[in-house]
Amino acid sequence: DQQVKQNSPSLSVQEGRISILNCDYTNSMFDYFLWYKKYPAEGPTFLISISSIKDKNEDGRFTVFLNKSAKHLSLHIVPSQPGDSAVYFCAANTRGTGNQFYFGTGTSLTVIP
Amino acid sequence: NAGVMQNPRHLVRRRGQEARLRCSPMKGHSHVYWYRQLPEEGLKFMVYLQKENIIDESGMPKERFSAEFPKEGPSILRIQQVVRGDSAAYFCASSDSNQPQHFGDGTRLSIL
Chain A
85 DQQVKQNSPS LSVQEGRISI LNCDYTNSMF DYFLWYKKYP AEGPTFLISI
135 SSIKDKNEDG RFTVFLNKSA KHLSLHIVPS QPGDSAVYFC AANTRGTGNQ
185 FYFGTGTSLT VIP
Chain B
677 NAGVMQNPRH LVRRRGQEAR LRCSPMKGHS HVYWYRQLPE EGLKFMVYLQ
727 KENIIDESGM PKERFSAEFP KEGPSILRIQ QVVRGDSAAY FCASSDSNQP
777 QHFGDGTRLS IL
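Chains A and B, in that order, are what the protein sequence lines are. For the first sequence, the numbering used here assigns the number 85 to the initial residue and increments by one for each residue that follows. For the second sequence, the numbering used here assigns the number 677 to the initial residue and increments by one for each residue that follows.
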């Protein structure tokens, strides 16, 4: 039962343009969402998070948007850089009911110089 | 990924042997999680532990797999009588309560 879905397995973007990575979830009880970035042969690295009380959180070139009614979140990277090429995972959990996080299957982003 | 230490980085076992994967959480973290990533797939939750307690093992296969996080020492993920389908990358993560998880660089298990 995949409660967090990333329907695009891959994405290619030109350097300097915007990258938009999408994530959908099914569990309306999720109230905390995160994005992780993963390079080959390394573990995922925490990138940015958002609580359900917000609809936007920004950190430098990275912005996460949350649409609770649509159960959808997205990660915007602008401007995209070649070093952003990696696999991006979204994750979600319900705070207060335990610390299990549910991960999507990942989107492989390639930023073309 | 500094802080969460997993070893070994690569482990090769023959079918029927046992595999032991170790994870030392970041200093001060009392929550440990194990995930498995099969080829071409995402991260699958296996088990969530706190010191000496298994909190959620809903993602663990019912047989051959076990995990522990003793009072002293690293967390151990143990796979008995390994089969080819156990070949995967196994990631450990740790966190403080309700904070983002920090991941280790994983153990790549190969079954011959």
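Glycine included, every Cβ here is placed at the ideal spot set by N, Cα and C.
{"Item": "Test item: CB-CB of A/Ile104 and A/His156 under 7 Å", "Value": "no"}
{"Item": "Sequence ranges, beta strand (DSSP E) only - wholly within the stretch 696 to 732 of chain B, length at least 3", "Value": "707 to 713, 719 to 726, 729 to 732"}
{"Item": "Cβ of A/Pro128 within 7 Å of any chain B Cβ", "Value": "yes"}
{"Item": "For B/Leu788 and B/Ala695, believed in contact at Cβ under 8 Å, the rounded distance", "Value": "12 Å between Cβ atoms; not a contact."}
{"Item": "Validate contact between the stretch 723 to 731 of chain B and the stretch 703 to 710 of chain B using beta carbons, cut 8 Å, 3 pairs", "Value": "yes"}
{"Item": "Identity of the residue in A/Ile196, A/Asp139, A/Phe173 nearest A/Tyr123 by Cα", "Value": "A/Phe173"}
{"Item": "Three-state secondary structure (DSSP) of A/Asp108", "Value": "strand"}
{"Item": "Three or more C-beta pairs below 8 Å linking the stretch 769 to 783 of chain B and the stretch 680 to 693 of chain B", "Value": "yes"}
{"Item": "Where A/Tyr109 meets chain B, residues with beta-carbon distance less than 7 Å", "Value": "Ordered by position in chain B, no residue passes the 7 Å Cβ test against A/Tyr109, which lies about 13 Å from the chain."}
{"Item": "Any C-beta of chain B under 7 Å from that of A/Leu118", "Value": "yes"}
{"Item": "Three CB pairs or more closer than 8 Å across the stretch 132 to 148 of chain A and the stretch 113 to 122 of chain A", "Value": "yes"}
{"Item": "Secondary structure of B/Arg690, DSSP reduced to three states", "Value": "coil"}
{"Item": "B/Leu719 at chain A interface by Cβ criterion, 7 Å", "Value": "yes"}
{"Item": "Residues from the stretch 774 to 785 of chain B in contact with chain A, defined by Cβ distance under 7 Å", "Value": "Asn774, Pro776, Gln777, His778, Phe779, Gly780, Asp781, Gly782"}
{"Item": "CB contact check: B/Tyr724 to chain A, cutoff 7 Å", "Value": "yes"}
{"Item": "Any C-beta of chain A under 7 Å from that of B/Asp772", "Value": "no"}
{"Item": "Closer than 7 Å to chain A by CB, B/Asn683", "Value": "no"}
{"Item": "Proximal chain B residues relative to A/Tyr186, where beta-carbon distance stays under 9 Å", "Value": "Phe721"}
{"Item": "Minimum Cβ-Cβ distance from A/Ser96 to chain B less than 7 Å", "Value": "no"}
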